[in-house]
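Peer 1:
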Amino acid sequence: MNKKILTLCIIHQHPKILLGMKKRGYGEGKWNGFGGKVEKGETIEQGAIREMKEESGIKISRMNKLGILEFIYQDGSGNMEVHIFCVEEFKGSPVESEEMRPKWFHVDEIPYNQMWSDDKYWLPMLLDERSFRGKFVFNKFNEIVDYYIIN
4 MNKKILTLCI
14 IHQHPKILLG
24 MKKRGYGEGK
34 WNGFGGKVEK
44 GETIEQGAIR
54 EMKEESGIKI
64 SRMNKLGILE
74 FIYQDGSGNM
84 EVHIFCVEEF
94 KGSPVESEEM
104 RPKWFHVDEI
114 PYNQMWSDDK
124 YWLPMLLDER
134 SFRGKFVFNK
144 FNEIVDYYII
154 N
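Using the working numbering, read the sequence shown as starting at 4 and increasing by one per residue.
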């Protein structure tokens, strides 16, 4: 089975982090970073920059790739490889799009209970500016049944 290549960008300006409430599609109703599929002919970095602009209105000036996560779904719905970036410099202010409603959170108030269940394992590493790699296996109920993460 082919795996989809995706991007995820998190803006971290200590002590704040920018997340977006997903308004439609996959992940609707969850807080997440900004990103999506890498389009044909794009590099992973170009896809990250494009998705950030489309979903939040923010233009990335500088970012650092800190993680790569693989997601396996036992129901056969598809596997994903997600390249995770910490945005270090940007231009513009976040604006709501058709897909995402951005909101700043204090790092002590990150809404993990309204995010993907894997986020609590790797997001603290991103906030500490540590590189990481991992793999998460989900059952048909989107529950983690196996994982590993290294940094």
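Don't be surprised by glycine CBs; every beta carbon is placed ideally from N, CA and C. Predicted model, so just to flag it, every value in this text is computed and none were measured.
Short check: CB of residue 93 to CB of residue 134, under 8 Å?
Peer 2: Within the sequence shown, the letter at position 90 stands for residue 93. Within the sequence shown, the letter at position 131 stands for residue 134. Contact: no.
Peer 1: Is it the case that the region 122-140 contacts the region 47-59, given that we only count it when at least three CB pairs across the two stretches are under 8 Å?
Peer 2: No, the region 47-59 does not touch the region 122-140.
Peer 1: Measuring only the C-alpha atoms, how far is residue 108 from residue 114?
Peer 2: Here residue 108 is taken as the residue at index 105 of the sequence shown, counted from 1. Here residue 114 is taken as the residue at index 111 of the sequence shown, counted from 1. Distance between the alpha carbons of residue 108 and residue 114 is about 8 Å.
Peer 1: Runs of 3 residues minimum, wholly inside the region 67-110: which ones carry the beta strand (DSSP E) assignment?
Peer 2: Entirely contained in the region 67-110, the beta strand (DSSP E) runs reaching 3 residues are, in chain order, 82-94 and 103-109.
Peer 1: For residue 10, write down the residues that DSSP places opposite it in a beta bridge.
Peer 2: Numbered from 1 along the sequence shown, position 7 holds the residue referred to as residue 10. 86, per the DSSP bridge assignment.
Peer 1: How long is the line joining the alpha carbons of residue 100 and residue 153, rounded to whole angstroms?
Peer 2: Taking the sequence shown and counting its residues from 1, the one referred to as residue 100 is at position 97. Taking the sequence shown and counting its residues from 1, the one referred to as residue 153 is at position 150. Each residue's Cα considered, the two are about 34 Å apart.
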